[in-house]
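Let me begin by presenting the structure, written as structure tokens, before commenting on it.
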Amino acid sequence: MSRFSCILVLLWVGPAAAATRSFPIDSRTSIVHIHVGKTGIGSFAGGHEHEVIARSVQGEVAADFEDLSRSSVDVAFDATSLAVLPQGEPEGDAQKVEQAMKGPQVLDVARFPSIRFRSRLVTGKQVSAGSYELRVTGDLSLHGVVHPVVVPLQLEVRGDALTAIGKVGVKQSDFAIEPTSAAGGLVQVEDEVTVTFRIAAREGV
């Protein structure tokens, strides 16, 4: 390749690379919330829905606001940090539910301590200054299984900070997890859990 050709390549690659900004996730202000519902013919009379939060959210958002398709997301959290909220649970049940959730019959966190989402494609549009509507297609790694997931979200960018808010349904059966049951099978945890999130990230952190 001639010197002139090298210069042309550098001029072409340089701006594209420079357009991507790195936003490390702020684990202190980011939160993932999981709603676990119930089903079955006896669900009206027994059993409880559960609210779970994930701590220790980590990762990075690489954002290219000139070409959203060049953006990427990598989010992970420690499955051992999952906590069942006591609100709505009978006294003392939250800890029992949490132990069962982390145990070998459900998440088996001793073998699979990390839950991770890595994007493969980002699409969407800018709806106003600093605001975007996005669809992020990627792979969710959970319970030793990798399965594709599409995550719709709202993205707000203010200076060196961004915030992503969204909600997605995840089926346990897609990850080789059998929903638990009680009362002889009359009450069962719903296969699909609802995951809502608020991911905060800041450039240069």
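Under this note's numbering, the first residue of the sequence shown is numbered 9, with each subsequent residue one higher.
All C-beta atoms in this analysis are idealised placements derived from N, C-alpha and C, irrespective of residue type, glycine included.
A quick note: this is a predicted structure, and the numbers were derived from the prediction, not measured.
Candidates P112, V83, L163, of which the one nearest F125 by Cα: With distances taken between Cα atoms, F125 lies closest to V83.
C-beta atoms of E200 and K175 nearer than 8 Å: Taking 8 Å as the Cβ cut-off, E200 and K175 do not qualify as a contacting pair.
Paired residues, beta bridge with L115 - DSSP: Paired residue(s): none; L115 is not in a bridge.
Nearest-angstrom beta carbon gap, V69 and L170 [assumed within contact, 8 Å]: Contact between L170 and V69 holds: CB atoms are separated by about 7 Å, below the 8 Å threshold.
Distance cut-off 7 Å: H41 Cβ against heavy atoms of the ligand GTP: The model on display carries no ligand, and the ligand GTP is accordingly not part of it.
Cα-Cα separation, T131 to S30: Straight-line Cα distance between these residues: approximately 18 Å.
Member of L148, A118, E164 whose CA lies at the smallest distance from the CA of S136: Distances from the alpha-carbon of S136 to those of L148, A118, E164 put E164 closest.
Buried/exposed call for K3, threshold 16 Cβ in 10 Å: Here the chain covers residues 9 to 213 and nothing more, so residue 3 does not appear.
Whole-angstrom distance between S127 and V153, CA atom to CA atom: Approximately 16 Å between the Cα atoms of the pair.
Cβ distance (whole Å) where S38 is taken to contact R206 below 8 Å: Between R206 and S38 the Cβ distance is about 6 Å, and since that is below 8 Å, they are a contact.
Beta-carbon proximity list for G212, same chain, < 7 Å, skipping 5 on both sides: Excluding positions up to five away in sequence, the list reads D168.
Assigned secondary structure, E97 (DSSP; H/G/I helix, E/B strand, else coil): Of the three classes helix, strand and coil, the one that applies to E97 here is coil, per DSSP.
Cutoff 6 Å; reference H41; Cβ partners in own chain excluding five residues on either side: Listed in chain order, the non-local C-beta contacts of H41 below 6 Å within the same chain comprise I61, T204, local neighbours out to five positions each way being set aside.
Start-to-end residues for the beta strand (DSSP E) that takes in Q66: Boundaries of the beta strand (DSSP E) harbouring Q66: 66–72, taken from the DSSP string.
Contact check, D86 vs S35, beta carbons under 8 Å: In this structure, S35 does not lie closer than 8 Å to D86 by Cβ.
Separation of P187 from D101, as counted between CA atoms: The alpha-carbon separation between D101 and P187 amounts to approximately 18 Å.
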